[in-house]
Structure formats: structure tokens, C-alpha cells
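Asks:
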């Protein structure tokens with residue numbers, strides 16, 4: 001009797017092992033073709049005469065179901081590769097290594113259709129430039145240059161901001177942006193808007209540093225046609241040639257229209 | 001009463017479309033669909049078709065590009081769903097034309113002897129083919145170090161570095177914060193990626 005119990009225990013373990021293997025294939029962790037389906041079916045059949053208890057029969061049924069899922073995965077694998085233009089990444093890399101530069105270039109030329117573009121002024125670009133300049137707010141009053149102030153800039157108390165403090169504030173604002181964006185982006189105006197005009201200007205000022213120091217990206221949402229801020233996971237050093245300037249006027253009227 | 005849209009109506013719009021697509025206004029050539037809609041009106045796709053017809057004898061065409069993430073592009077290119085023979089490929093099916101960017105590109109291809117007119121050397125083109133091919137093979141993204149290593153098998157070190165910088169600067173490749181390279185906007189606009197892979201796979205090695 002103890003010998004039979006031992007056999008039963010071993011047989012159950014064998015079935016559980018088969019079920020685990022099949023579940024591994026279903027989860028995508030195992031290649032479906034690495035499972036010896038025929039051998040497993042034979043093993044399940046050989047153990048069948050041992051089962052008397054309903055639990056054992058249920059285990060047997062689960063093992064058969066697992067095998068059927070492996071066969072299904074195998075057939076899907078074959079179907080995918082036979083009905084689609086399947087590209088084997090390893091094969092592509094092998095080809096790239098094996099081909100001579102001249103051959104690679106001639107193959108590339110057969111798939112290359114360069115963009116045709118011209119760089120010069122047009123009536124349209126002139127019109128756009130004129131529109132841009134005419135929409136810029138006029139500079140209020142006459143401003144005295146350094147020359148008129150005797151060639152020296154006048155230091156005004158409180159008018160300078162310590163660099164460390166700006167960095168601290170920019171980082172705090174960056175954290176706030178990351179919280180608001182939740183992995184996405186936030187409309188620019190929504191982000192800088194505050195209860196007062198002066199606070200909004202302050203936030204816009206710090207935001208400009210945030211973008212310049214590359215803590216965040218300023219982009220145009222093509223669908224909504226509005227500026228959005230997208231925080232970076234960590235600030236990075238930006239190449240000088242990639243830098244562009246964006247002018248965003250923040251007049252009191254603009255602020256009021258967004259506040260209303 | 002529906003507005004009558006005659007030759008003059010389209011001629012004016014086609015001219016404007018040509019200006020917008022040919023002349024580089026910002027750092028990139030071409031124009032977004034929503035920009036064209038704003039400038040040309042809701043029938044801008046029809047205007048572009050007229051322009052495309054006029055460009056045909058010059059071996060040029062208007063190309064619509066949906067700028068999908070690099071991984072998605074690689075997936076689409078490497079595993080093309082089966083289509084009935086003769087069926088026209090529906091690029092960007094289900095997407096609004098406003099979301100696409102439009103460029104004027106060469107309808108045909110260049111001969112190797114014509115490369116010098118574009119300021120490219122055979123080596124540069126080979127390096128670009130390798131970089132794009134490797135990124136596609138890796139599913140749309142590849143570590144810069146891996147691309148450099150493969151390029152060094154064929155080109156001197158200085159040319160590898162200079163080449164990659166040029167590809168990044170001109171928009172053929174992009175690089176993220178982790179130093180991973182992906183397909184840039186210009187590759188999506190200019191390279192028939194499916195054809196490139198097909199050519200690479202079908203070429204008979206000697």
C-alpha cells in the first residue's frame with residue numbers, strides 16, 4: 001500500500017510538471033516547439049489508469065488542456081510566419097555585416113526618395129515674417145541704453161536673482177510639472193496660470209529656464225494647435241545647434257482671457 | 001447653391017501648396033496637414049492631388065507621412081499583414097490626414113553617380129543603410145554603441161562618429177536620453193523601409 005501511494009504521488013507530480021510547462025508556453029516564456037507534445041501525451045495516457053479520485057481526474061484534464069494550448073500556440077506560430085512577411089532580426093543583422101558598403105549603398109539607393117526642398121525667401125515667408133513682427137507688442141516708452149546712463153549699468157537692490165535660487169525654483173516647478181503631466185504633457189497656459197498676473201509672469205519666467213535647461217520640452221500639439229510642456233525624466237545637456245527660441249507674449253489681456 | 005470650383009480656384013491653391021511644401025519655413029521642410037488645411041481650406045487633400053499630378057513629369061511626388069513612434073514603424077514594416085494581391089496599401093488607414101506631414105519627394109530613385117549632387121558619399125549612404133537596418137531589426141530602437149560597433153566593422157572610426165552626427169543633425173536618426181537611436185522624421189519621409197528590408201533580405205550573397 002505505501003508503494004502505491006508513493007507511485008500516485010510521483011504520478012501527480014509528473015502531471016503538475018506537465019501543466020507548469022504548458023502554462024510557461026501560454027505565458028510566452030517558453031518556445032512552443034520546445035515542448036515534446038507526443039511524449040507528454042503518451043505520459044498522460046500511461047498514468048491515466050492510476051486515477052480514481054475526482055481531484056486526480058481533474059489534474060489529468062488540466063494536463064490535456066495544457067497540451068492543447070501548446071498545440072494552439074504552435075499552430076499560431078506557423079500561421080504568423082507563413083501568412084506575414086516575416087523578418088528575422090538576426091538574419092537582417094547578418095546581412096548588414098556580410099554585405100560590402102558599395103552593395104549596401106546601391107540597395108539603399110533603390111529605396112531612397114529624398115525630400116526636395118528649397119531654402120530661400122518667398123512672398124509667403126515674407127508675409128509670415130511681416131505678420132509676426134506686426135503682432136509683436138510695441139515696446140512701451142523710450143528706454144535709456146547703457147550709454148545714456150553714463151556707460152554704467154545701475155545696480156538695483158532686489159533686481160538680481162541668485163543663480164542657485166533660480167535653479168531651486170526651476171527644479172520645484174519641474175517636480176510640479178511631472179506631477180501634473182503624469183507621464184504625458186500639460187498645456188503651457190494651464191501650467192503657468194496662477195491667481196494673479198504677477199505670479200503667472202513669474203511662473204512663465206521660470207518655465208522658460210526650465211525649458212532652456214532642458215528639464216522639459218516645449219512642443220506644439222498638432223491637433224489642438226496649442227503649446228504643451230512635456231517634462232523629461234531627467235534634465236540633459238542639449239546640443240547648441242538644436243536650440244530654438246520661442247517667443248510667447250504674456251500681456252495682461254492675454255492673462256485675463258485665460259483666467260476668464 | 002454649391003460654390004463653383006474652377007481651374008483658377010485650384011491654380012491659386014496649388015501654387016500656395018507648392019510654396020508651403022517646397023520652401024523650408026522652419027527647421028523642417030514640408031507642412032503638417034492641419035497647417036495646409038488652415039492655409040488652403042478643407043479640400044487641401046484634393047489640392048495636393050492636383051499638385052502631385054503636376055509634379056509627376058518632373059519625377060517628384062507629394063508624400064503623406066504619419067510620424068508614428070519608431071517601434072510602431074518597425075513593427076508595421078517587419079510584419080506586414082497579408083493583403084490580397086493587387087490591393088492598394090492603406091497607409092495611415094483610420095488616421096486623419098490632418099495628423100500627417102506632407103513633403104515633396106523624389107518619385108523615382110537616384111543613381112550612384114548622382115550622389116555627389118546631394119553631397120553624399122557612397123560610404124555615408126552605406127553607413128545610413130546599416131544604421132537604419134539595424135534599428136529596424138531591433139524593433140525600432142538600438143543602443144548607439146551597437147550601431148557604432150557594426151559601423152566600425154566597415155568604416156574608419158572618425159567616419160562613423162561624423163556620419164552618426166550628420167544623420168542625427170539632418171533628422172535621419174534620433175537619440176533619446178539613454179543614448180538609444182531611433183528612426184528620425186527624415187527616414188520616415190524619405191526611405192521606403194519595407195522595400196529596403198526586402199532588398200536586404202533578397203540580395204544573394206556571393
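Residue numbers (our numbering), protein chains in the order written: chain A, 1 to 260; chain B, 1 to 206.
Here a beta-carbon is modelled for each residue, glycine too, at the ideal position from N, C-alpha and C.
#1: So, helix, strand or coil for residue 102 of chain B, using DSSP?
#2: Using 10 angstroms around the beta-carbon of residue 140 of chain B, count the other beta-carbons present and answer buried if the total reaches 16, otherwise exposed.
#3: Beta-carbon separation of residue 222 of chain A and residue 185 of chain B under 8 Å?
#4: Any C-beta of chain A sitting closer than 8 Å to the C-beta of residue 192 of chain B?
#5: Rank A:96, A:178, A:228 and A:31 by C-alpha distance to the C-alpha of residue 76 of chain A and give the top, closest one.
#6: Give the DSSP-derived three-state secondary structure of residue 66 of chain B in the structure shown.
#7: Sorted by chain position, which residues of the same chain lie with C-beta nearer than 6 Å to residue 55 of chain A's C-beta, five sequence neighbours on each side aside?
#8: What are the boundary residues of the alpha helix (DSSP H) that residue 180 of chain B is part of?
#9: Spell out whether any CB of chain A is found under 8 Å from the CB atom of residue 54 of chain B.
#10: Contact criterion: CB-CB distance below 8 Å. Does residue 130 of chain B meet it with respect to chain A?
#11: Whole angstroms are fine: how far does the CA of residue 210 of chain A sit from the CA of residue 262 of chain A?
#12: In three-state terms, what does DSSP make of residue 60 of chain A?
#13: What does residue 133 of chain B reach in chain A if we use C-beta pairs closer than 9 Å?
#14: Kindly list the residues whose CB is nearer than 8 Å to the CB of residue 170 of chain A, restricted to its own chain and excluding five residues on each side of it in sequence; keep chain order.
#15: Just checking: is the beta-carbon of residue 138 of chain B within a distance shorter than 8 Å of some beta-carbon in chain E?
#16: Could you please tell me which residues of the stretch 115-127 of chain A, in chain order, have their CB closer than 9 Å to any CB of chain B?
#17: Looking only at its own chain, which residues have a Cβ that is under 6 Å from the Cβ of residue 74 of chain B, when we skip the five neighbours before and after it?
#18: Just to confirm my understanding: we take residue 41 of chain A, look at its own chain, exclude 5 residues before and 5 after, and list those with CB closer than 7 Å. What are they?
#19: Return yes when the Cβ of residue 50 of chain B is within less than 8 Å of the Cβ of residue 14 of chain B, no when it is not.
#20: Taking contact to mean at least 3 C-beta pairs separated by less than 8 Å, is the stretch 93-108 of chain B in contact with the stretch 165-179 of chain B?
#21: Considering just the uninterrupted stretch of the alpha helix (DSSP H) at residue 102 of chain A, what are its terminal residues?
#22: Between the alpha carbons of residue 88 of chain A and residue 26 of chain A, how many angstroms are there, rounded?
#23: Could you tell me the distance, in whole angstroms, from the CA atom of residue 108 of chain A to the CA atom of residue 69 of chain A?
#24: Does any C-beta atom of chain A lie closer than 8 Å to the C-beta of residue 69 of chain B?
#25: Could you tell me whether the stretch 141-159 of chain B touches the stretch 111-131 of chain A, where touching means 3 or more Cβ pairs closer than 8 Å?
#26: Spell out a yes or no on whether the stretch 105-121 of chain A and the stretch 125-134 of chain B are touching, meaning 3 or more CB-CB pairs, one atom from each, closer than 8 Å.
#27: Can we say the stretch 181-190 of chain A touches the stretch 226-236 of chain A, given the rule of at least three CB pairs closer than 8 Å?
#28: So residue 190 of chain B and residue 115 of chain A are in contact, right, with Cβ under 8 Å, and what is the actual spacing, rounded?
#29: Please name the residue in B:97, B:204 and B:71 whose C-alpha comes closest to that of residue 174 of chain B.
#30: Who are the near neighbours of residue 47 of chain B in its chain, counting only those whose CB is closer than 7 Å to its CB and skipping five residues on each side?
#31: Does any residue of chain A bring its CB to less than 8 Å from the CB of residue 13 of chain B?
#32: Can you list, in chain order, the residues of its chain with a C-beta nearer than 8 Å to that of residue 251 of chain A? Leave out the 5 residues immediately preceding and following it.
#33: Quick one: list the residues of chain B neighbouring residue 225 of chain A, beta-carbon separation under 8 Å, in chain order.
#34: Starting from residue 221 of chain A, trace the beta strand (DSSP E) in both directions and tell me its first and last residue.
#35: So what's residue 227 of chain A in DSSP terms, helix, strand or just coil?
#36: What ranges does the alpha helix (DSSP H) occupy inside the stretch 91-153 of chain B, keeping only unbroken runs of at least 4 residues that lie completely in it?
Replies: Let me spell this out:
#1: Residue 102 of chain B sits at position 102 when you count from the first residue of the second chain. Strand.
#2: Taking the second chain and counting its residues from 1, one reaches residue 140 of chain B at position 140. Label assigned to residue 140 of chain B: buried.
#3: Counted from its first residue, the first chain places residue 222 of chain A at position 222. Counted from its first residue, the second chain places residue 185 of chain B at position 185. Pairing residue 222 of chain A with residue 185 of chain B gives a Cβ-Cβ distance that is not under 8 Å.
#4: If you number the second chain from 1, residue 192 of chain B lands on position 192. Yes, residue 192 of chain B lies at the interface with chain A (some Cβ there is under 8 Å from its Cβ).
#5: Position 76 of the first chain, counting from 1, holds the residue named residue 76 of chain A. That would be A:31, whose Cα lies nearest to the Cα of residue 76 of chain A.
#6: Here residue 66 of chain B refers to the residue found at position 66 of the second chain. Reduced to three states, the DSSP call for residue 66 of chain B is coil.
#7: One-based indexing of the first chain puts residue 55 of chain A at position 55. Taken in chain order, the list of residues that qualify is empty.
#8: Within the second chain, the letter at position 180 stands for residue 180 of chain B. Annotation for residue 180 of chain B: no alpha helix (DSSP H) segment contains it, though the beta strand (DSSP E) segment containing it runs 180-183.
#9: By one-based count along the second chain, residue 54 of chain B stands at place 54. Residue-level contact by beta carbon fails for residue 54 of chain B and chain A, as no gap is shorter than 8 Å.
#10: Position 130 of the second chain, counted from the first residue, corresponds to residue 130 of chain B. Chain A contact via Cβ: present.
#11: Nothing in the structure corresponds to residue 262 of chain A, since chain A is present only between 1 and 260.
#12: Mapped onto the first chain, residue 60 of chain A falls at position 60. Three-state result, residue 60 of chain A: helix.
#13: In the second chain, counting from the first residue as 1, residue 133 of chain B sits at position 133. Chain-ordered, the chain A residues with CB closer than 9 Å to the CB of residue 133 of chain B read 92, 93, 95, 96, 104 and 108.
#14: Locating residue 170 of chain A in the first chain gives position 170, where the first residue counts as 1. 206, 209, 210, 213 and 215.
#15: Checking the listed chains, one finds no chain E in this structure; the protein chains it contains are A and B.
#16: Hits within the stretch, in order: 115, 116, 117, 118, 119, 120, 121, 122, 123, 124 and 125.
#17: As a first step, residue 74 of chain B must be located in the second chain, where it is residue number 74. Here residue 74 of chain B has 136, 139 and 140 as same chain residues with Cβ atoms under 6 Å from its own Cβ, once five neighbours each way along the sequence are excluded.
#18: Position 41 of the first chain, counting from 1, holds the residue named residue 41 of chain A. The residues are 67.
#19: Translated into the one-based positions of the second chain, residue 14 of chain B becomes position 14. Translated into the one-based positions of the second chain, residue 50 of chain B becomes position 50. Taking 8 Å as the cut-off, the Cβ atoms of residue 14 of chain B and residue 50 of chain B count as close.
#20: The stretch 93-108 of chain B and the stretch 165-179 of chain B do not touch, with fewer than 3 CB-CB distances between them shorter than 8 Å.
#21: Mapped onto the first chain, residue 102 of chain A falls at position 102. Residue 102 of chain A -> alpha helix (DSSP H) spans 101-109.
#22: On the first chain, position 88 is the one that residue 88 of chain A refers to. On the first chain, position 26 is the one that residue 26 of chain A refers to. Spanning the two alpha carbons is a distance of roughly 22 Å.
#23: Residue numbering aside, residue 108 of chain A sits at position 108 when the first chain is read from its first letter. Residue numbering aside, residue 69 of chain A sits at position 69 when the first chain is read from its first letter. Counting only the Cα atoms, residue 69 of chain A lies some 43 Å from residue 108 of chain A.
#24: For the purposes of this step, residue 69 of chain B is taken as the residue at position 69 of the second chain. No - not a single Cβ of chain A is within 8 Å of the one on residue 69 of chain B.
#25: No: the two stretches stay apart, fewer than three of their Cβ pairs being nearer than 8 Å.
#26: A contact exists between the stretch 105-121 of chain A and the stretch 125-134 of chain B.
#27: A contact between stretches requires three or more CB pairs, one per stretch, nearer than 8 Å, and the stretch 181-190 of chain A meets this requirement with the stretch 226-236 of chain A.
#28: Taking the second chain and counting its residues from 1, one reaches residue 190 of chain B at position 190. Taking the first chain and counting its residues from 1, one reaches residue 115 of chain A at position 115. Between residue 115 of chain A and residue 190 of chain B the Cβ distance is about 6 Å, and since that is below 8 Å, they are a contact.
#29: Taking the second chain and counting its residues from 1, the one referred to as residue 174 of chain B is at position 174. Looking at the Cα atoms, B:71 is the closest of the given residues.
#30: Position 47 of the second chain, counting from 1, holds the residue named residue 47 of chain B. Hits under 7 Å: 10, 13, 14, 17 and 40.
#31: Position 13 of the second chain, counted from the first residue, corresponds to residue 13 of chain B. So, not an interface residue.
#32: On the first chain, residue 251 of chain A is found 251 positions in, with the first residue counted as 1. Answer for residue 251 of chain A: 137, listed in chain order.
#33: Indexing the first chain from 1 puts residue 225 of chain A at position 225. For residue 225 of chain A, the chain B residues whose Cβ falls inside 8 Å of its Cβ are 34, in order along the chain.
#34: Walking along the first chain from the start, residue 221 of chain A turns up at place 221. Residue 221 of chain A -> beta strand (DSSP E) spans 216-221.
#35: Numbered from its first residue, the first chain carries residue 227 of chain A at position 227. Reduced to three states, the DSSP call for residue 227 of chain A is strand.
#36: DSSP runs (the alpha helix (DSSP H)) wholly in the stretch 91-153 of chain B: 115-118, 122-137 and 144-152.
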